[in-house]
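Asker:
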Amino acid sequence: MIGILVNASLYKGIPRGRTGHEILSFYEEGGKQAGLTPVFLCLEYNRGIGSDGVWNGYVRCGDRYVKTRVPLPKVIHNRAMYFRRGYQQRMAALAAQGTTVYNACNRYGKMVIHELLLTDDQLRPHLPVSMTATVAHLRTMMAANDTLIIKPVSASVGRGVMKLARSSKDWVLTYPSIRQRNGTRTVRFRRALPQVLRTRIRQEAYLVQQCIPLALYQGRPFDLRVSVQRDGTGIWQVTGIVGKVAAKRRFVTNVARGGSVETLDTLLSGYPMLRPEQVSAAVHALGLRVAEKLSAHLPHLADIGLDIGITADGFPMFIECNGRDQRYSFGEGRMTETWKRTYINPMAYGRFLLNQMKHSGCLSLNGTGKSTDNYFAPHIE
């Protein structure tokens with residue numbers, strides 16, 4: 288068996304087929320190809336259970352999922368997010384029982400990722416200038432840039448992202464409305480930073496970043512979601528690339544914030560001087576370099592979704608790393624086979640880890656052949 292660790296809300300919905308963006312049949316298909324049976328597990332529903340090596344989990348039986356008691360799998364793919372220390376301690380305890388959890392920690396602070404990548408000379412040209420969002424740093428960045436992006440260091444799907452742009456005589460802050468879904472509000476100012484901006488960076492950790500001059504599709508900025516995963520060989524590879532286009536009069540490309548999905552070929556149709564195969568090759572190279580750099584420092588990293596922007600001249604720029612890729616952008620883009628592969632590859636990697644365990648009698652904690660004493664790398668909440 289291979290374990291798939293999910294959050295409580297998804298776990299409760301399994302018997303009724305209500306699993307949100309997670310497509311359980313794709314896990315089953317990947318498991319079949321790898322000779323594995325997926326069992327869906329949840330920490331919340333196994334409190335006080337597991338000390339005997341047996342857990343509750345859902346397993347496919349015919350055309351439905353049945354809750355059953357199963358031996359704790361030796362390999363687990365983590366698709367849940369846990370921030371409380373108690374849950375993290377339970378995750379770490381799995382290692383003590385001889386179980387390997389890949390993508391065990393899947394939420395890293397944006398500055399943590401940026402600073403790791405910044406140490407690579409080859410990656411540095413692909414990184415926008417970034418700082419923690421303090422009043423002093425905002426002033427510094429405003430003096431050197433006409434447009435800035437300000438985003439929470441630990442948020443996802445575009446939540447809380449703000450834009451600061453210089454106009455002819457003043458500055459314009461665009462920020463999410465708390466009253467209207469995917470709506471925005473603006474405020475103009477000349478010198479003193481708006482109170483709403485000061486309040487938000489005081490209440491939550493934010494990152495201020497040089498705005499990448501993204502290429503446009505029908506007048507709207509777009510970037511790329513790049514799925515980078517370890518496969519059945521244990522080696523990083525790019526599973527797929529799909530474009531995300533901001534909604535009209537919006538600057539955030541996330542599908543959850545009203546963005547739409549297009550193929551790379553479609554997005555580049557307005558740039559006849561750019562060859563899609565060359566742009567794709569450059570994005571592949573950047574994605575693999577980022578994955579290899581991060582996995583050298585972050586234990587058990589095996590499945591990530593990168594946001595990569597493209598400038599009008601085809602130069603790729605790293606935006607951010609998603610430790611739990613939602614994957615459904617490929618479905619929205621009608622790239623069904625690629626969408627399936629984003630599930631199949633992690634199952635194949637699970638088989639690789641199990642084979643490695645059989646041959647060596649033990650398994651490294653970081654999946655790279657090097658042991659580590661720290662199962663969880665530090666992250667910012």
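Numbering (the working numbering), first residue to last: 288 to 668.
Every residue gets a Cβ at the ideal spot worked out from N, C-alpha and C, and that includes glycine.
So if DSSP puts Ala-452 in a beta bridge, which residue, or which two residues, is it bridged to?
Answerer: DSSP lists Thr-434 and Val-459 as partners of Ala-452.
Asker: At the level of alpha carbons, what is the spacing between Arg-628 and Ala-431?
Answerer: Distance between the alpha carbons of Arg-628 and Ala-431 is about 43 Å.
Asker: Note down, in chain order, each residue of its chain lying with its Cβ closer than 6 Å to the Cβ of Ala-599, except the 5 sequence neighbours on either side.
Answerer: Ala-502.
Asker: Relative to the C-alpha of Phe-605, which residue among Ser-547, Ala-572 and Gln-643 is closest?
Answerer: When only C-alpha atoms are compared, the closest one is Ala-572.
Asker: For Lys-298 and Thr-386, I'd like the C-alpha separation in whole angstroms.
Answerer: Sequence inspection shows Tyr at residue 298; the Lys mentioned does not correspond to that position. Answer to the nearest angstrom: the Cα atoms are 20 Å apart.
Asker: Short check: CB of Val-357 to CB of Met-449, under 8 Å?
Answerer: Contact flag unset, no.
Asker: Taking the straight line between their C-alpha atoms, what separation do you get for Thr-355 and Arg-334?
Answerer: Their Cα atoms are separated by approximately 15 Å.
Asker: Measuring only the C-alpha atoms, how far is Arg-371 from Ala-578?
Answerer: Computed Cα separation, rounded: 26 Å.
Asker: Val-532 and Thr-540: beta carbons closer than 8 Å?
Answerer: Contact: yes.
Asker: In terms of DSSP beta bridges, what is Asp-594 paired with?
Answerer: In the DSSP output, where bridge partners are listed per residue, Asp-594 has Arg-512 and Glu-607.
Asker: Name the residue from Ala-379, Arg-485, Gly-618 and Arg-453 whose alpha carbon lies nearest to the alpha carbon of Val-542.
Answerer: Taking only the C-alpha atoms, the option nearest Val-542 is Gly-618.
Asker: Using a Cβ-Cβ cutoff of less than 8 Å, which residues in the same chain neighbour Val-341 once the five nearest sequence positions on both sides are dropped?
Answerer: Cβ neighbours of Val-341 beyond the five flanking positions: Arg-356, Val-357, Pro-358 and Leu-359.
Asker: Just the C-alpha distance for Leu-425 and Thr-473, rounded to the nearest angstrom, thanks.
Answerer: If I take the Cα positions, the gap works out to 18 Å.
Asker: If you draw a straight line from the alpha carbon of Gln-384 to that of Ser-514, how long is it in whole angstroms?
Answerer: Between Gln-384 and Ser-514, the C-alpha separation is close to 31 Å.
Asker: From Asp-339 to Ile-363, what does the alpha carbon distance come to, in whole angstroms?
Answerer: When rounded, the distance between both Cα atoms is 17 Å.
Asker: Could you check which residue in Ile-301, Asn-294, Phe-602 and Leu-311 has the C-alpha nearest to that of Met-634?
Answerer: Per the Cα distances, Leu-311.
Asker: Output yes if chain B places a C-beta closer than 8 Å to the C-beta of Asn-541; else output no.
Answerer: Here there is only one protein chain, and chain B is not present.
Asker: When DSSP builds the beta bridges, which residues end up paired with Gly-527?
Answerer: Looking at the DSSP assignment, Gly-527 forms a beta bridge with Ser-514.
Asker: Ends of the alpha helix (DSSP H) at Tyr-352?
Answerer: Looking at the DSSP string, Tyr-352 is not in any alpha helix (DSSP H); the run it does join, the beta strand (DSSP E), is 351–358.
Asker: Could you tell me the distance, in whole angstroms, from the CA atom of Val-346 to the CA atom of Val-353?
Answerer: Cα to Cα, Val-346 sits roughly 6 Å from Val-353.
Asker: Relative to the C-alpha of Tyr-493, which candidate in Asp-612, Arg-517, Leu-435 and Glu-564 has its C-alpha closest?
Answerer: It is Leu-435 whose Cα lies nearest to the Cα of Tyr-493.
Asker: Taking the beta strand (DSSP E) that Tyr-493 falls in, what are its first and last residues?
Answerer: That run of the beta strand (DSSP E) goes 493–497.
Asker: Note down, in chain order, each residue of its chain lying with its Cβ closer than 8 Å to the Cβ of Ile-291, except the 5 sequence neighbours on either side.
Answerer: Same-chain partners within the cutoff: Tyr-314, Pro-325, Val-326, Phe-327, Leu-328, Ile-363, His-364 and Arg-366.
Asker: Spatial neighbours of Ala-380 within its chain, please: C-beta separation below 6 Å, excluding the five flanking residues on both sides.
Answerer: Once the five neighbours on either side are set aside, Ala-380 has no close Cβ partner at all.
Asker: Near Thr-625, what residues of its chain come up, given a Cβ to Cβ distance below 6 Å and the 5 sequence neighbours on each side ignored?
Answerer: Gly-527 and Phe-617.
Asker: In the DSSP assignment, what are the bridge partners of His-413?
Answerer: In the DSSP output, where bridge partners are listed per residue, His-413 has none listed.
Asker: Going straight from the alpha carbon of Gly-574 to that of Ser-454, what length do you get?
Answerer: Their backbone Cα atoms lie some 34 Å apart in a straight line.
Asker: Could you tell me which residues DSSP puts in a beta bridge with Ser-547?
Answerer: In DSSP, Ser-547 forms a bridge with Val-532.
Asker: Specify, as a first and last residue, the run of the alpha helix (DSSP H) that Val-566 falls within.
Answerer: Where Val-566 is concerned, the enclosing alpha helix (DSSP H) stretches over 563–582.
Asker: Indicate the three-state DSSP secondary structure (helix, strand or coil) for Val-399 in the structure shown.
Answerer: In this structure, Val-399 counts as helix in the three-state DSSP scheme.
Asker: Using only alpha-carbon positions, find the residue among Thr-421, Leu-323, Cys-348 and Ser-582 that is nearest to Gly-521.
Answerer: Cα-wise, what sits closest to Gly-521 is Ser-582.
Asker: Could you pull out every residue in the same chain whose Cβ sits closer than 8 Å to the Cβ of Tyr-332, ignoring the five residues on either side in sequence?
Answerer: Ala-295, Tyr-298 and Asn-343.
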